[in-house]
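Residues 589 to 656 (our numbering) are what the sequence shown spells out, left to right.
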Amino acid sequence: MRSKIHEEVWDRLEDADVEIAYPHTHLVFDETSGTARVAVDRGRDDARPETVLQDGDSEDDRGTTVAD
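In structure tokens, the structure reads:
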């Protein structure tokens with residue numbers, strides 16, 4: 589279901605000479621969404637290690653440190 593604000597914006601833009609570049613989608617991630625696996629590549633100039641959290645770890649646990 590779309591919000592009233594979303595519908596109002598599209599209604600007002602319907603007759604205007606406006607082009608929307610791509611479909612806009614609102615994604616919701618909550619406790620039912622599962623686990624996202626994310627990789628980050630850093631440039632050679634960035635010497636900071638990346639902290640990787642393992643399943644069940646919190647940010648306070650500090651997970652595993654991976655160097656570039």
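C-beta: ideal position from N, C-alpha, C; glycine also. All values reported here derive from a predicted model rather than from experimental measurement.
- In the structure shown, isoleucine 608 adopts coil according to DSSP, grouped into three states.
- The C-alpha of alanine 604 is placed about 18 Å away from the C-alpha of histidine 612.
- Counting along the chain, leucine 615 sits inside no alpha helix (DSSP H), nor does DSSP assign it H or E at all.
- When DSSP states are grouped into helix, strand and coil, glutamate 595 belongs to the helix group.
- DSSP places arginine 600 in the helix class (H, G or I) of the three-state scheme.
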